[in-house]
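Below you'll find the structure, written out as structure tokens, and then a few comments.
Numbering (this note's numbering), first residue to last: 250 to 695.
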């Protein structure tokens, strides 16, 4: 027997606005998580080769310049006192060799100032050279913020919808309970996207988000029990106790047997992928607390220029170890993400198919196209995701401008280094000529 009456309409539960909002957030989270995961995979694949190259390039360039300054300083000292005989000659000068002493002290002071200035320029150069790498991190942070926002909003909406199903369990029809079940399952897609992809970038507020997801999981489990009990009361002759399953099950399928199988499999599937995503995110969070942050760039590195070379070697080794450890789990994370996202087409299909086949069977010819407070509220909260995307695009433009400015600063620094080398060579020649002239005049006078 075919179900002829699925019960009263309820636009705040099965309306197009509610379905569109949940589907939009789930699809957005799915797309952004894929983009974020691809960016993470590309970075990890090249981490061991490229992570420390800017560090080594910056340090070797400035270290060689510093060594050159010190070498020129030694040359100047030898120019002032070219031979032991010259020192003996200066000892016989009638007047004290104040000119030579002053010249010597002036040269040493100039060289020390140059070395000190280069040490002060080292942190800024280090930061500028790593701007290219930080652009990728900033872009990933922007996308991760959007994914987190989508997950938080959809989790709250999922909690609200599950509470409606639990509180109004006796007045809602079986068709509406089925729609609620498939709709709140879309929430787990956004949660998995946040836990698997976004947690690879930012884990600062992970405990509060995990708590919110745990509340959703508890309410989801309670609703599944209620939905399973209502499925056991299936009756094609009573309005609201059945629904049309055309396109969802075989024509000769036995109800509610096949419906309970669907409920059990999809419920277990959702909890498995959610627990897997939680395991990935929590393991990353624990690694941070246990010292995993040593693999990331330190915010205070600009104040450690005295130990820059040793720090760079340690950073290079840490990056290599991090890349090795991350590459071993990359396949596992990719598989978990793909398995979690398989829920999206399944539940979207069930939602669309249920509405198309059961809306004509509503009592008294009602429809679910009326717009009420519930639909408008869910859509407005979902519009916040569009606002976050616009903010992300604006911040992305700022990242591009920052990169252009950093390239200009790097070119200016390189030009300054070139001028500094020329100035040192000119100073060396002038000092040598001056010393030779003074020594020649002193010897002739002697």
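Note that beta-carbon positions come from the ideal geometry of N, C-alpha and C, so glycine has one too.
Since the structure is predicted, the reported quantities are computational estimates derived from the model, not experimental observations.
Taking just the CA atoms, how far does residue 402 sit from residue 636? Indexing the chain shown from 1 puts residue 636 at position 387. Indexing the chain shown from 1 puts residue 402 at position 153. Distance between the alpha carbons of residue 636 and residue 402: 13 Å.
Could you say which of 628, 394, 464 and 273 lies nearest to residue 597 if we only look at CA atoms? Within the chain shown, the letter at position 348 stands for residue 597. With distances taken between Cα atoms, residue 597 lies closest to 273.
Name the DSSP beta bridge partners of residue 526, please? Residue numbering aside, residue 526 sits at position 277 when the chain shown is read from its first letter. Answer by DSSP bridge pairing: none, since residue 526 is not bridged.
In terms of residues, what are the limits of the alpha helix (DSSP H) holding residue 609? Locating residue 609 in the chain shown gives position 360, where the first residue counts as 1. Segment: none, residue 609 is in no alpha helix (DSSP H) and carries neither H nor E.
Classification of residue 476 by the beta-carbon crowding that lies within 10 angstroms, buried from 16 upward: Within the chain shown, numbered from 1, the residue matching residue 476 stands at position 227. Buried, because 16 or more other Cβ atoms sit within 10 Å of the Cβ of residue 476.
For residue 276 and residue 594, the rounded distance between their alpha carbons: Working through the chain shown from its first residue, we reach residue 594 at position 345. Working through the chain shown from its first residue, we reach residue 276 at position 27. Approximately 10 Å between the Cα atoms of the pair.
With contact counted as at least three CB pairs below 8 Å, one residue from each stretch, are the stretch 484–498 and the stretch 449–461 in contact? no
Could you check if residue 263 is buried or exposed, using at least 16 other CB atoms within 10 Å of its CB as the buried criterion? On the chain shown, residue 263 is found 14 positions in, with the first residue counted as 1. Buried: at least 16 other Cβ atoms inside 10 Å.
So is residue 278 buried or exposed if we call it buried at 16+ other beta carbons inside 10 Å? Start at 1 with the first residue of the chain shown, and residue 278 comes out as number 29. That one is buried.
How about residue 201 and residue 451: do their beta carbons lie closer than 8 Å? Because residue 201 is not part of the residues shown, which for the chain are 250 to 695, the question remains open.
If you draw a straight line from the alpha carbon of residue 619 to that of residue 260, how long is it in whole angstroms? Numbered from its first residue, the chain shown carries residue 619 at position 370. Numbered from its first residue, the chain shown carries residue 260 at position 11. The alpha-carbon atoms of residue 619 and residue 260 are separated by roughly 6 Å.
Where the alpha helix (DSSP H) containing residue 479 begins and where it ends: Taking the chain shown and counting its residues from 1, one reaches residue 479 at position 230. 455–480 is the span of the alpha helix (DSSP H), which, as asked, contains residue 479.
Is residue 492 closer than 8 Å to residue 435 when the C-beta atoms are compared? Taking the first residue of the chain shown as position 1, residue 435 is located at position 186. Taking the first residue of the chain shown as position 1, residue 492 is located at position 243. Not closer than 8 Å, so no.
Just verifying my parser: in three-state terms, what is the DSSP assignment at residue 498? Position 249 of the chain shown holds residue 498. Strand.
Could you give the first and the last residue of the continuous alpha helix (DSSP H) run that contains residue 424? Against the chain shown, residue 424 aligns to sequence position 175. Run containing residue 424: 423–445, per the alpha helix (DSSP H) assignment.
Using the Cα positions of residue 615 and residue 603, report the straight-line distance between them to the nearest angstrom. To locate residue 615, count along the chain shown from 1; it is residue 366. To locate residue 603, count along the chain shown from 1; it is residue 354. Going by the C-alpha atoms only, they are around 16 Å apart.
Hey, out of 624, 629, 638 and 528, whose CA is closest to residue 444's CA? What you label residue 444 is simply residue 195 of the chain shown in a count that begins at 1. Taking only the C-alpha atoms, the option nearest residue 444 is 528.
Going by DSSP in three states, residue 511 sits in which element: helix, strand or coil? On the chain shown, position 262 is the one that residue 511 refers to. The answer is helix: DSSP assigns residue 511 an H, G or I state.
Alpha carbons only, please: which of 412, 393 and 438 is nearest the one belonging to residue 429? On the chain shown, residue 429 is found 180 positions in, with the first residue counted as 1. Among 412, 393 and 438, the Cα nearest to that of residue 429 is on 412.
What's the gap between the Cα of residue 512 and the Cα of residue 469? Position 263 of the chain shown, counted from the first residue, corresponds to residue 512. Position 220 of the chain shown, counted from the first residue, corresponds to residue 469. Cα to Cα, the separation comes out at about 12 Å.
Below 8 Å on the Cβ atoms is my guess for residue 396 versus residue 442; work out the distance and round it to an integer in Å. Against the chain shown, residue 396 aligns to sequence position 147. Against the chain shown, residue 442 aligns to sequence position 193. Right, their Cβ atoms sit about 5 Å apart.
Name the two residues that bound the continuous alpha helix (DSSP H) containing residue 484. Along the chain shown, read from residue 1 onward, the residue named residue 484 stands at position 235. Counting along the chain, residue 484 falls outside any alpha helix (DSSP H), and DSSP gives it neither H nor E.
Helix, strand or coil, according to DSSP, for residue 451 in the structure here? For the purposes of this step, residue 451 is taken as residue 202 along the chain shown, with counting starting at 1. In this structure, residue 451 counts as coil in the three-state DSSP scheme.
For residue 255 and residue 505, what's the separation of their Cα atoms in angstroms? Position 6 of the chain shown holds residue 255. Position 256 of the chain shown holds residue 505. Each residue's alpha carbon lies about 15 Å from the other.
Quick check on residue 626: does DSSP put it in helix, strand or coil? For this step, residue 626 is matched to residue 377 along the chain shown. Helix at residue 626.
Three-way DSSP call (helix, strand, coil) for residue 255 in this model: For the purposes of this step, residue 255 is taken as the residue at position 6 of the chain shown. In the structure shown, residue 255 sits in coil (DSSP, three-state: anything other than H, G, I, E or B).
So, is residue 252 buried or exposed, given that buried needs 16 or more other C-beta atoms within 10 angstroms? Locating residue 252 in the chain shown gives position 3, counting from the first residue. Answer is buried; the Cβ neighbour count reaches 16.
Would you please state the rounded distance, in angstroms, between the beta carbons of residue 270 and residue 628? I believe it to be under 8 Å. On the chain shown, residue 270 is found 21 positions in, with the first residue counted as 1. On the chain shown, residue 628 is found 379 positions in, with the first residue counted as 1. Correct: roughly 5 Å between the Cβ atoms.
Considering only the beta carbon of each residue, do residue 433 and residue 467 sit closer than 8 Å? By 1-based counting over the chain shown, the position of residue 433 is 184. By 1-based counting over the chain shown, the position of residue 467 is 218. No. Outside cutoff.
Could you compute how far the alpha carbon of residue 266 sits from the alpha carbon of residue 631? The residue you call residue 266 lines up with position 17 of the chain shown. The residue you call residue 631 lines up with position 382 of the chain shown. If I take the Cα positions, the gap works out to 10 Å.
Residue 581 in three-state terms, based on DSSP: The count along the chain shown starts at 1 and reaches residue 581 at position 332. The answer is helix: DSSP assigns residue 581 an H, G or I state.
Buried or exposed: which applies to residue 701, given that a residue is buried once 16 or more other Cβ atoms fall within 10 Å of its Cβ? The structure shown does not extend to residue 701, since the chain is modelled only from 250 through 695, so no value can be given for it.
What is the DSSP secondary structure of residue 492, counted as helix, strand or coil? Along the chain shown, one-based indexing puts residue 492 at 243. In this structure, residue 492 counts as coil in the three-state DSSP scheme.
If you draw a straight line from the alpha carbon of residue 633 to that of residue 394, how long is it in whole angstroms? Looking up residue 633 in the chain shown gives position 384. Looking up residue 394 in the chain shown gives position 145. In a straight line, the C-alpha of residue 633 is about 12 Å away from that of residue 394.
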